[in-house]
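Enquirer: Okay, here's the structure, questions in a sec.
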Amino acid sequence: MRESLIAVFLTVVAFSVAAEARAQEQEQEQHAEWLFVQTAESVTLKDGVLTLHGISPSTLFFSDRPERIAAHGMTAEFVTFWQRLGDDSFGDDPPNATLAIVSNSVAEDVVLTLMAPELDGSTLTYAVTVLEGDEELEGGPCSLFVDPVGMPLTPVSVAGVSRRTTRRTVARMAY
């Protein structure tokens with residue numbers, strides 16, 4: 224009888240330890256954060272509209288550890304990210320971005336929030352809210368660094384499925 228009680232006690236302890244470990248794993252779920260970079264030949268910012276002239280047809284994206292993925296996706300596909308809704312979507316939570324411009328040998332940065340992108344040939348416009356920097360400017364070659372969007376790496380999570388779908392879509396459009 225004593226051995227049976229010990230066996231039951233050890234079984235209960237083992238299940239409790241396993242359940243606690245599973246709960247801790249879920250709390251520490253890892254995220255991949257995707258940073259996007261767009262380049263253009265010139266830029267104008269006026270009246271809350273950012274216009275990238277001569278936009279590259281591809282948008283660079285990369286993630287940090289543990290995935291360390293880097294690739295190019297079509298800019299036309301990138302602008303559709305604002306049409307998606309839900310957690311970690313640009314549609315529900317517009318990203319911040321830093322516009323880096325070198326004009327007349329002077330480097331200038333503007334921090335903004337990007338909304339409502341529209342691509343027309345090689346011209347890309349965003350409705351923007353300027354968070355820091357000049358609210359009106361014109362410049363030459365520029366890079367737009369779009370803040371990361373985090374997505375859980377867990378393969379069975381909804382965001383994990385979305386991450387894989389995005390990765391597959393990007394893989395199909397990458398060159």
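Heads up, the sequence shown is in my numbering, so the first residue is 224 and it goes up one at a time. Glycine included, C-beta positions come from ideal geometry on N, C-alpha and C.
#1: Among Arg-291, Thr-267 and Gly-363, which has the Cα closest to the Cα of Val-329?
#2: Looking at C-beta atoms only, is the number of pairs between the stretch 275-286 and the stretch 294-307 that lie closer than 8 Å three or more?
#3: Can you look up Phe-313 in the DSSP assignment and give me helix, strand or coil?
#4: Which whole-angstrom value is the C-beta distance of Leu-308 and Cys-365, which I expect to be below 8 Å?
#5: Going by the C-beta, is Thr-267 closer than 8 Å to any heavy atom of the ligand COA?
#6: Using the C-alpha atoms, what's the distance from Arg-291 back to Gly-344?
#7: Would you mind stating whether Gly-314 and Val-333 have Cβ atoms separated by less than 9 Å?
#8: Which same chain residues, not among the five before or five after Glu-359, have their C-beta less than 7 Å away from its C-beta?
#9: If we ignore side chains and look at the alpha-carbon of each, how far apart do Thr-274 and Thr-346 end up?
#10: Determine the closest residue to Trp-305 out of Leu-337, Leu-354, Val-272 and Phe-284, with distance taken between C-alpha atoms.
#11: May I have the straight-line CA-CA distance separating Ala-263 from Leu-342, to the nearest angstrom?
#12: Name, in chain order, the residues that DSSP records as bridge partners for Phe-284.
#13: Would you tell me roughly how many angstroms separate the C-alpha atoms of Gly-271 and Asp-287, rounded to the nearest one?
#14: Using the C-alpha atoms, what's the distance from Ser-326 back to Phe-285?
#15: Quick check: is the beta carbon of Asp-370 nearer than 9 Å to any beta carbon in chain C?
#16: From the DSSP output, which residues share a beta bridge with Phe-368?
#17: Is DSSP giving Asp-343 helix, strand or coil here?
Expert: With the structure as the only source:
#1: Minimum Cα distance to Val-329 is reached at Gly-363.
#2: Touching, yes, given that three or more Cβ pairs across the two stretches are closer than 8 Å.
#3: Reduced to three states, the DSSP call for Phe-313 is coil.
#4: Contact doesn't hold; Cβ gap of about 29 Å is too wide.
#5: Of ligands this structure carries none, so the ligand COA is not represented either.
#6: As the crow flies, the alpha-carbon of Gly-344 is around 31 Å from that of Arg-291.
#7: No. Outside cutoff.
#8: So the qualifying residues of the chain are Leu-268 and Lys-269.
#9: C-alpha separation (whole angstroms): 7 Å.
#10: Closest in C-alpha terms to Trp-305, from the list Leu-337, Leu-354, Val-272 and Phe-284, comes Leu-337.
#11: Looking at the backbone, the Cα of Ala-263 and that of Leu-342 are separated by about 13 Å.
#12: Paired residues: Phe-259 and Ala-294.
#13: Distance from the CA of Gly-271 to the CA of Asp-287, rounded to the nearest whole angstrom, comes to 31 Å.
#14: When rounded, the distance between both Cα atoms is 27 Å.
#15: Any reference to chain C falls outside this structure, which holds one protein chain only.
#16: DSSP links Phe-368 through a beta bridge to Val-260 and Thr-321.
#17: Asp-343: strand per DSSP, three-state reduction.
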